[in-house]
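Going down the list, the sequences are from chains A, B, C and D. Each residue of the first sequence is one higher than the one before, counting from 1 in my numbering. Each residue of the second sequence is one higher than the one before, counting from 1001 in my numbering. Each residue of the third sequence is one higher than the one before, counting from 2001 in my numbering. Each residue of the fourth sequence is one higher than the one before, counting from 3001 in my numbering. Glycine residues also receive a C-beta, built at the ideal position from the N, C-alpha and C atoms.
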Amino acid sequence: MLSRRTLLKASAVMPAALAAPAIGQTRRSISFLTWNIIDQEPLIRGWIASFQRANPGVEVEWLDKKGPELPPFYQTQLAAGTPPDVVNTQGALWLEYAASGALMDMTPRLAAEPEVKNRFNANYLSNWTLQGRNYMLPFYITKTLLFYNKTMFQRAGLSGPPQSFDDILAFAGRMAQGESTGFLTLNFDWLYWPLFAMNGVDLLTPDLRRPAFNTPKAIEVLEKLARASESGAINKISWTGRWVEPNGAFAAGNVGMLHAHSPAYFFVRGQGNWVNGDTLGVAHAPGNFSTPNSHGLGVSRGSRNPDLAWAFVKHVTANEQAGQLATQRRILTGNTQVDQALLASLRSEDPLVHSVLSTQIEHTDKMVGNWPMPQDARVKDAFWPELQSALLGRKSARQALADAERRVGRELSRA
Amino acid sequence: MRLPRWMLSRWFIVPATLAAVVLGWNLHVAANATGEVRGRVVDATGRPVAGATVLLFERSFVVNTEKQRVVTDAAGAFRFQGNASHAVQLQADAPAGKSERVTLRLLFRAQDADLPAPLVIAR
Amino acid sequence: MRRGFPWARHAVLIVVSAIMLLPFYWVFKTAITNENIYAFPPRLLPQDPHPYNFVDVWYLIPFPRYLLNSVIVSVMAVIGNVVLNAMAAYALTQNFRAKKLVVLLLLSCMLIPFQATIIPAYLITARIGLLNTYLGLALPLLSTIVCIFIYKAAFEAVPRSLVEAARMDGLSEWRIIAHVLLPLSRPAIATNVILAFIWSWNSFMWPLIVTRDANMQTLPLGLARFLSYMEDTTGALYAFVCMVLAPGILVFLMAQSAFIRGLTHGATKG
Amino acid sequence: MTPSGSPAHLARRAGTGTGWWGRKRTRQAALILCFLLPSLAIFLLYRVIPLGWNAILSFQSWSPMRPPRWVGFEHYEEMLFYDDIFWTALWNTLIWIGAAPVAIILALGIALLVNSDLKGASVYRTIVFLSYPLMTVAVGIIWRWMYDERGGFINWALRIAGIIDRPLGFLQSFDLAMASVIVTDIWQVIGFYMIILLTGLQQIPQHLYEAARVDGVPRHAVFLYVTLPMLRPSLFLCAVIGLLNSFTSFDLVYVMTNGGPGHATELLITYIYKLGFGQTKFDYAAAVTVVQFLLLLALTFLANRLAGGNAGAVEKD
């Protein structure tokens, strides 16, 4: 069936090689590109069905790509002029797209429909603002927190979570022995930045024009982190692993603390038999700093049906649909009502999940590592390898930060 | 009886064997996919527990969702029907206490299965 | 030619074979066990082997669909390579004015890494309307330069007198290829088939960009997708690796004697 | 090929009339064109045009959403004078190329061992070749697991043997990552080299060896003066394949380290990919692509010269 279609298509199209691209947009149809949530297929099919009931005659094509594949896919589609109408991105990826004009500015639409804007947690919503314009709406939200292994804390004679940066290092040092290490953090997408923020180190000047991180304090922090990594207090996977390795190591039960965002909980519980309310502690990082790593929904500016796409975004983030996602995936959506309802039901049903998710809507004014700069990806690529060299003892902290300053400065000046 | 030569070629034998195995397996699946899950609930001393509620959770990606619950009979036995999953968890809940959650993995969806060991109610 | 020391040679080869096979074993071992794979030390032998990781994969990923897609694309690539490369190679055995230029063009094309040309290649495919089709997936793989040269070498090894005799008998060029050159170049055909199969079966970047629909994905994409999306059930990941590798290994084991023998013996004859 | 093989000469020799072969020649040319056309069209579409497009793009400032603007040599200037990651990637690519001879020598050793009437030689041959047809993505996953700190075989074996006392993070270490990925690459391609070399070995006429034996030439001299020179085309082919491989082994690095830690395993090809798809700098990526192509061209030219100016089996006219 498919091969026959292919053949027909090929024989029809080959002679007229300059015919228009095949993805026809003549009918009222939109496409929805999601980021690695194929496991929610029934849910999303349901949303599409209910959207079609409300908008008869509309086609919705659903595409799902995994993390590392979504950017190349979206960008080739952009280049070909056929971007998916509604796109779901994670972290700061949207900045690049928004800055290069790929995404529709939602500000006027939000101003016209305050009831849509008021659905959302204002602090989270503002994460998707660039130069005062809003480019995305929250799809589901996460930020970092501190997990700790209560059993290991007890064994080391520690009673509660660390209250300062120096506490983290001291606690970690006390728990590090043999196979055990004291502290782990995720490192991608600035997720480690709270460690610097709690020491008052800033990446950039407030106008986001120049690097501001090359200070004596930053050198001191970096040196401390490097020394702790060398001694085994900090697990080196912190600076080398991505997702599986750090979470897997913490789940193995011999790492004292894990600084990660909330989805790590489900990973850790899936892998670690030891995880329950008595053994796993949940806390904010010292100073209540955290780095968001949320998923947002945007509309491509190249969309041929922007109104329909906007309607679809509203549909997906509305209470009913967001509520389904929240209960299915046990995740917060940024929709205030939905999140309250989820937390209320979890309080008795699963107290541990409740305490994990509660942290996600507390101290939302202390979010860091979410600078609205269009060159985010480039700055990250200029900064992180240098920092990594220092953390793993390849370069001195002073040298690494100086090199990083030079490279970040260059990226910023080029924009 | 002599077989033609092409039938002795590995390009025939291997695919044919594979096809036969697949066919046989599918027949077996079709015959045994009734979706029945059976088991027993006992207390710590090994006596059957009647009237305990048994919960069946279906495993999905990050969460286990409760799908069904039944009550054990006088012999402590229970029986679920219409299970459609290939990996379920079972847990018994009696007035005296709860059992551990036991994972039962099946070879195919809705496989007809007996829980190898009974669920033990602990206090 | 050399005598003596067969045991020493066997010993060396056994060690080499062990090194070559060990990774297969290690992954298979992980695929059939359920231990916490991040625990140390790992066990050398699988403990309580079970097939459930395979069951999980089967239901999590539309494996038969991906397999079918991979097979379709590979078959197209193999046929394309065997036919188109033979034609091109035959043309190159003839004398014509622009021949030097064509050979130079082919040689430099060989040096262009495909990954680096992906965006323009994508735009071109979009232009001819082949996105998300099997033909679009297979098109860049339909002819391979290395394989053209393999054919060319084989054709040139065919005794000139045979071709001349055929031509004297008034055979058309098509018939000369089909009835004289190809039957004498079996190893080249086998090499074309195997290499085209391997390269199309394994291609990753291109299908990633060109397929839009989940139903059009091939096995390597399924694997990469699985990698990020099921990483918390790592045993299942390795089960999937085994399932992805099995068809290729099976085809290879069935074809390899013809391939290796054909290649080595056939070449000596020429 | 001698001119006497061409149809035109044949026709003349066969005594066909002049007016005849004039027409025949036209037909011949048309036929050659027909035969070449499909392959050439594919290469044009997927190699030449994209390369040309890249070349143009490398002098522009462009992103999918912005119209192009000419910027001259700006990207090249940036790359050559300011971008140290480019130089790291270039250096790593050269290291990767440098590893090819190691693999070729190992493959030659194995080929010599299995090239004889040794019992079971075909089994060894199959085993060694078995890794080549595997999907590179899968190979990357397999070896990532082999290198794993906890569940991996290599750390386990080294610890059992008492060589190390703490597990090594091979792919996470600045010093070991590159070597580890290269080992994986060698593991995968060694079978292919072996087959090429085996083909070459079997093409060496037996009488040369017999003559050497009768003359009492020592074995190492036979190897040096008979085997190696006769193997030159095969060795050249291996070298070219190794060269190409070093520029295209994207899948392996992508899966195993994605260029990290830092940029320790960054190759030009992974860097190009990151620039394009990670940072949306398609214009700059195009410039790096052009440089990579020129470098590859130069190296192949050099290899050809080293092989005696005649690209062995690949091109003899």
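Item, Value
"When the distance is taken between beta carbons, is alanine 1110(B) closer than 9 Å to alanine 1044(B)?", "no"
"Using a Cβ-Cβ cut-off of less than 8 Å, list which residues of the segment 1010-1041 of chain B approach chain C; keep chain order.", "Arg1010, Trp1011 and Val1014"
"Which residues mark the beginning and the end of the beta strand (DSSP E) in which leucine 1055(B) is found?", "1053-1059"
"With distance defined between alpha-carbon atoms, name the residue in Arg2175(C), Ile2150(C) and Val2180(C) nearest to valine 2158(C).", "Val2180(C)"
"Which residue's Cα is closest to the Cα of lysine 451(A): Gly232(A), Leu204(A), Gly200(A) and Lys66(A)?", "Any answer about residue 451(A) is impossible in this case: the structure gives chain A only from 1 up to 415."
"Straight-line CA distance for valine 313(A) to aspartate 64(A)?", "16 Å"
"At 4 residues or longer, and completely inside the segment 2042-2074 of chain C: list those alpha helix (DSSP H) runs for me, N to C.", "2052-2060"
"Which complete alpha helix (DSSP H) runs does the segment 2072-2142 of chain C hold, if anything under 4 residues is left out?", "2099-2110, 2118-2127 and 2134-2138"
"Does the CB of serine 2143(C) have a neighbour CB from chain D at under 9 Å?", "yes"
"Looking at C-alpha atoms only, which residue of Tyr97(A), Ala79(A) and Leu280(A) is the closest neighbour of arginine 378(A)?", "Tyr97(A)"
"With contact counted as at least three CB pairs below 8 Å, one residue from each stretch, are the segment 198-212 of chain A and the segment 138-148 of chain A in contact?", "no"
"So, at 7 Å on beta carbons, what are the nonlocal neighbours of phenylalanine 289(A) in its own chain, with the 5 sequence-adjacent residues on each side left out?", "Pro194, Ala197, Met198, Lys366 and Val368"
"Could you give the distance in angstroms between the alpha-carbon of phenylalanine 3043(D) and the alpha-carbon of glycine 2080(C)?", "13 Å"
"Distance, Cα to Cα, phenylalanine 3153(D) vs proline 72(A)?", "34 Å"
"Enumerate in chain order the residues of its own chain whose CB-to-CB distance from phenylalanine 2063(C) is below 6 Å, with the five nearest sequence positions on each side excluded.", "none"
"Cβ of serine 294(A) within 9 Å of Cβ of methionine 104(A)?", "no"
"How would you call lysine 380(A), buried or exposed, if buried means at least 16 neighbouring beta carbons within 10 angstroms?", "buried"
"If I'm right that threonine 3270(D) touches phenylalanine 3293(D) with Cβ under 8 Å, what's the distance once you round it to whole angstroms?", "That pair is no contact at about 16 Å."
"Helix, strand or coil: how does DSSP classify threonine 89(A) here?", "strand"
"If you draw a straight line from the C-alpha of glutamine 177(A) to the C-alpha of asparagine 235(A), how long is it?", "11 Å"
"Give the residues of chain B in contact with methionine 2254(C), contact being defined as C-beta atoms less than 8 Å apart.", "Arg1010, Trp1011 and Val1014"
"Tell me, please, whether the CB atom of methionine 2076(C) is closer than 9 Å to any CB atom in chain D?", "no"
"Using the beta-carbon of each residue, which ones in chain D are nearer than 9 Å to isoleucine 2201(C)?", "Position check: residue 2201(C) holds tryptophan in this sequence, whereas isoleucine was assumed. Here the neighbours are Pro3133 and Met3135."
"Do aspartate 376(A) and leucine 95(A) have their beta-carbon atoms positioned less than 9 Å apart in this structure?", "yes"
"What is the rounded straight-line gap between the Cα of alanine 1087(B) and the Cα of phenylalanine 3174(D)?", "42 Å"
"What does alanine 79(A) reach in chain C if we use C-beta pairs closer than 8 Å?", "Ile2119, Tyr2122 and Leu2123"
"By alpha-carbon positions, which one of Pro2187(C), Phe2024(C) and Ala2138(C) ends up nearest to valine 3128(D)?", "Phe2024(C)"
"Tell me the rounded alpha-carbon separation between alanine 111(A) and asparagine 335(A).", "17 Å"
"Closest to tyrosine 2052(C) by CA distance: which of Glu2173(C), Trp2007(C), Ile2032(C) and Leu2101(C) is it?", "Ile2032(C)"
"According to the neighbour-count rule (16 or more other Cβ atoms, all chains shown, within 10 Å of its Cβ), is asparagine 276(A) buried or exposed?", "exposed"
"Considering just the uninterrupted stretch of the alpha helix (DSSP H) at glycine 3098(D), what are its terminal residues?", "3084-3114"
"Taking the straight line between their C-alpha atoms, what separation do you get for glycine 3276(D) and tryptophan 3087(D)?", "17 Å"
"What are the partner residues of isoleucine 234(A), as DSSP defines its beta bridges?", "Phe183(A)"
"Taking the beta strand (DSSP E) that isoleucine 3269(D) belongs to, which residues open and close that run?", "It is not in any beta strand (DSSP E) - isoleucine 3269(D) instead sits in the alpha helix (DSSP H) that spans 3268-3273."
"Between proline 3050(D) and alanine 2121(C), is the Cβ-Cβ spacing less than 9 Å?", "yes"
"Taking the alpha helix (DSSP H) that histidine 3263(D) falls in, what are its first and last residues?", "Unbroken run through histidine 3263(D): none, as it is neither H nor E."
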